[in-house]
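Enquirer: Sharing a structure below in structure tokens format, with a few things to ask.
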Amino acid sequence: MASSRNRVNNLEGIDNHAATEDNGTSLRPDLVISVQPQQHENGRAELPVSTVDWQSRSRGQFIPRHGLDFLIGTSTLLIQQTVELNDLTSKIDSENRYTVKVPNGETLYFASEVSTPSQRCLCGTGRSFVMHLHDNTRQEALLLSRRLAGASCLFPCRLQEMKVITPPGNYVGRVHQQWTWMVPFYLVRDANDEVLFVIEGPASLKRSALILSEFKIMSGDSLREMGKISHGWDRELVNFATTLKFPDTAVQPKHKALLLAATFLMEYTYFERAKSSCWRFNCL
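So the number in this note's numbering is just where the residue sits in the sequence shown, counting from 1, plus 504.
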């Protein structure tokens, strides 16, 4: 009888009643881990994420099998740069840090730039870099690679381009600039090099005039406006922020990842203010 009672007690101990019963408290219950983390061939572990207070999904518990799964159910993203003390005191830009979140909601990714000090000083916002995006499980979800290039009509041979890669090295697609006289024009291509979207900015002769502007996300044939990328002052954040509104047809997480990469490319090419105290060879 004693052994059978111990078995019953052990079975009853599997459930966490504090996490399932409502006792009237406002405290958030502990996350119940019902499965053991598994390792995939790509090196990613399946770790549970609590989504109780999330706006994009509120299922209580979410186990992403891929880093891009965090983009499922999102229609708008807010990208905000983290200002560090070194940025305010040094004459040379430091490697930028960003948070990618749902407006008034949860943070989905933490982005960190990797670049060389020489390019940050001499090339400014036109520098090449690799951007690492980590999700809420602290695992790398996305890698953005930008080459050193100009963004002006005076340099048509080597314009802006950013490649999108997911661990452990799967090529998703790229965003590259098309040569035009005044209107910024970008193509978003998938892994098969097919045009998914076209990004078109307002007509301007100087990039400095596009800091507070809106870029339209058009269909692949450039006939329909489907989304937008905008940069402006956010009163709630009391800071400048970049907003990405996804098209309704961008249902695949890979397509959303490409548009997120395009937003970072617009951030560096047009939205970010270069420090005038350091000598740079920026293309106006």
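Glycine included, each C-beta is placed from N, C-alpha and C at the ideal position.
For a test of the three-state rule: what should DSSP assign to Phe768, helix, strand or coil?
Expert: Along the sequence shown, one-based indexing puts residue 768 at 264. Phe768 falls in the helix class under three-state DSSP.
Enquirer: If you draw a straight line from the alpha carbon of Phe760 to that of Val556, how long is it in whole angstroms?
Expert: For the purposes of this step, residue 760 is taken as the residue at position 256 of the sequence shown. For the purposes of this step, residue 556 is taken as the residue at position 52 of the sequence shown. According to the sequence shown, residue 760 is Lys rather than Phe. Computed Cα separation, rounded: 24 Å.
Enquirer: Could you tell me the alpha carbon to alpha carbon distance between Gln682 and Val606, rounded to whole angstroms?
Expert: The residue given as residue 682 occupies position 178 in the sequence shown. The residue given as residue 606 occupies position 102 in the sequence shown. Using only the alpha carbons, I get a separation of about 30 Å.
Enquirer: How long is the line joining the alpha carbons of Val702 and Arg693, rounded to whole angstroms?
Expert: As a working mapping, residue 702 is identified with position 198 in the sequence shown. As a working mapping, residue 693 is identified with position 189 in the sequence shown. Cα to Cα, Val702 sits roughly 9 Å from Arg693.
Enquirer: Thinking just about the alpha-carbon of each residue, which of Gln584, Leu762, Gly705, Pro552 is nearest to the one in Phe750?
Expert: Reading the sequence shown from its first residue, position 246 is the one you call residue 750. Answer by Cα proximity: Leu762.
Enquirer: So who's on the other strand from Val676, going by DSSP bridges?
Expert: For the purposes of this step, residue 676 is taken as residue 172 along the sequence shown, with counting starting at 1. For Val676, which the question treats as bridged, DSSP gives no partner whatsoever.
Enquirer: For Leu515, which of helix, strand or coil comes out of DSSP?
Expert: Translated into the one-based positions of the sequence shown, residue 515 becomes position 11. Below a pLDDT of 50, predicted positions are generally treated as unreliable, and Leu515, at 40, falls in that range; no measurement from the model is reported.
Enquirer: For the beta strand (DSSP E) that Arg693 lies in, which residues bound it at each end?
Expert: Residue 693 sits at position 189 when you count from the first residue of the sequence shown. Residues 689-694.
Enquirer: Measure the C-alpha to C-alpha separation of Val699 and Glu771 and round it to an integer number of angstroms.
Expert: Mapped onto the sequence shown, residue 699 falls at position 195. Mapped onto the sequence shown, residue 771 falls at position 267. Val699 and Glu771: Cα-Cα distance of roughly 21 Å.
Enquirer: Indicate the three-state DSSP secondary structure (helix, strand or coil) for Gln623 in the structure shown.
Expert: Along the sequence shown, one-based indexing puts residue 623 at 119. Of the three classes helix, strand and coil, the one that applies to Gln623 here is helix, per DSSP.
Enquirer: So who's on the other strand from Ile721, going by DSSP bridges?
Expert: Taking the first residue of the sequence shown as position 1, residue 721 is located at position 217. Ile721 is bridged to Ile703, Gly731.
Enquirer: Could you spell out where the beta strand (DSSP E) holding His638 opens and where it closes?
Expert: Taking the sequence shown and counting its residues from 1, one reaches residue 638 at position 134. That run of the beta strand (DSSP E) goes 633-638.
Enquirer: Considering only their Cβ atoms, is the gap separating Leu652 from Cys625 smaller than 8 Å?
Expert: Taking the sequence shown and counting its residues from 1, one reaches residue 625 at position 121. Taking the sequence shown and counting its residues from 1, one reaches residue 652 at position 148. No, Cβ-Cβ distance for Cys625 and Leu652 is not below 8 Å.
Enquirer: Which residue wins for smallest C-alpha separation from Pro660, given the options Phe689, Tyr675, Ile669?
Expert: Residue numbering aside, residue 660 sits at position 156 when the sequence shown is read from its first letter. Residue Phe689 is the option with its Cα nearest to Pro660.
Enquirer: Once DSSP output is grouped into helix, strand and coil, what is the label at Ala615?
Expert: Taking the first residue of the sequence shown as position 1, residue 615 is located at position 111. Strand.
Enquirer: In the structure shown, what three-state DSSP assignment does Gly736 receive?
Expert: Here residue 736 is taken as the residue at index 232 of the sequence shown, counted from 1. In the structure shown, Gly736 sits in a strand (DSSP, three-state: E or B).
Enquirer: Beta carbon of Asp639, beta carbon of Tyr613: below 8 Å?
Expert: In the sequence shown, counting from the first residue as 1, residue 639 sits at position 135. In the sequence shown, counting from the first residue as 1, residue 613 sits at position 109. In contact: Asp639 and Tyr613 (Cβ atoms closer than 8 Å).
Enquirer: Counting pairs of Cβ atoms below 8 Å between the region 736-748 and the region 564-581, do you hit three or more?
Expert: A contact exists between the region 736-748 and the region 564-581.
Enquirer: Looking at the structure shown, is Glu776 part of a helix, part of a strand, or coil, going by DSSP?
Expert: For the purposes of this step, residue 776 is identified with residue 272 of the sequence shown, where counting begins at 1. Glu776: coil per DSSP, three-state reduction.
Enquirer: So the candidates are His680, Ser708, Thr586, Phe566; which of them puts its Cα closest to the Cα of Val687?
Expert: As a first step, residue 687 must be located in the sequence shown, where it is residue number 183. Selected option, being the one with the closest Cα: Ser708.
Enquirer: On a Cα-Cα basis, can you pick out the residue from Ser649, Ala765, Pro568 that is closest to Pro552?
Expert: The residue labelled residue 552 in the question sits at position 48 within the sequence shown. For Pro552, the nearest C-alpha among the options comes from Pro568.
Enquirer: Pull the bridge partners of Gln681 from the DSSP assignment, please.
Expert: The residue you call residue 681 lines up with position 177 of the sequence shown. In DSSP, Gln681 forms a bridge with Tyr690.
Enquirer: Helix, strand or coil: how does DSSP classify Leu572 here?
Expert: Walking along the sequence shown from the start, residue 572 turns up at place 68. If DSSP states are grouped into helix, strand and coil, Leu572 belongs with the helices.
Enquirer: Tell me the DSSP bridge mates of Arg650?
Expert: Counting from 1 along the sequence shown, the entry for residue 650 is found at position 146. Arg650 pairs with Phe633, Met666.
Enquirer: Could you name the residues that DSSP lists as bridge partners for Leu763?
Expert: Residue 763 sits at position 259 when you count from the first residue of the sequence shown. According to DSSP, which records beta bridges pairwise, Leu763 is partnered with nothing at all.
Enquirer: Spell out the partners DSSP gives Val604 in its beta bridges.
Expert: The residue you call residue 604 lines up with position 100 of the sequence shown. According to DSSP, which records beta bridges pairwise, Val604 is partnered with Ile583, Tyr613.
Enquirer: Between which residues of its own chain and Arg662 is the CB-CB distance below 6 Å, once the five residues before and five after are set aside?
Expert: The sequence position of residue 662 within the sequence shown is 158, counting from 1. The answer, listed in chain order, is Ala653.
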